[in-house]
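Residue 61 in our numbering sits at position 55 of the sequence shown, with consecutive numbering throughout.
Built from N, CA and C at the ideal position, the CB exists for glycine as well.
To start, the structure itself, in structure tokens.
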Amino acid sequence: MRVAVCTKGGGRINQHFGHATEFQIYEVDAGGVRFLTHRRADNYCVGGHGESDRLTEIVRTLEGVPVVLCARIGEGPRARMAEAGIEVIDACAMDYIETALLDLYADRNRSPDAGALSA
């Protein structure tokens, strides 16, 4: 599973989606977490307002990455990302990246009879 992460550093999910100028791309599977690359993009939020053209470019930048982890995201960009088939999760704000990725993977791959809820 490929996941993009919004981070200001420190190994944590600590950046608002609208402020991200790059996304760290990870792959997570039963073997663990691997950093793959950075994907750069202009930040969506400019002067407190979102820029539609920039959001369109972010969607293109994240092609092939179905999940984004961030500290926060507004409802407008969340809806646009969902339309593009990209799920944005802000429930793990300030968590360590690797821990959050492993938890997400475990949750998504838990057997249905275990009663797990998807993140």
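Contact set for Arg-60: own chain, Cβ-Cβ below 8 Å, skip 5 residues either direction:
Ala-47, Asp-48, Asn-49, Tyr-50, Val-52
Ala-36 versus Asp-113 - alpha carbon distance:
12 Å
I believe Cys-98 touches Cys-12 by the beta-carbon criterion, under 8 Å. Please report the beta-carbon distance rounded to the nearest angstrom.
So it is not a contact: roughly 11 Å between Cβ atoms.
Does the Cβ of Pro-72 have 16 or more other Cβ atoms within 10 Å, making it buried, or fewer, making it exposed?
exposed
May I have the straight-line CA-CA distance separating Phe-3 from Asp-101, to the nearest angstrom?
Residue 3 cannot be examined here, being either before or after the span of the chain that is shown, 7 to 125.
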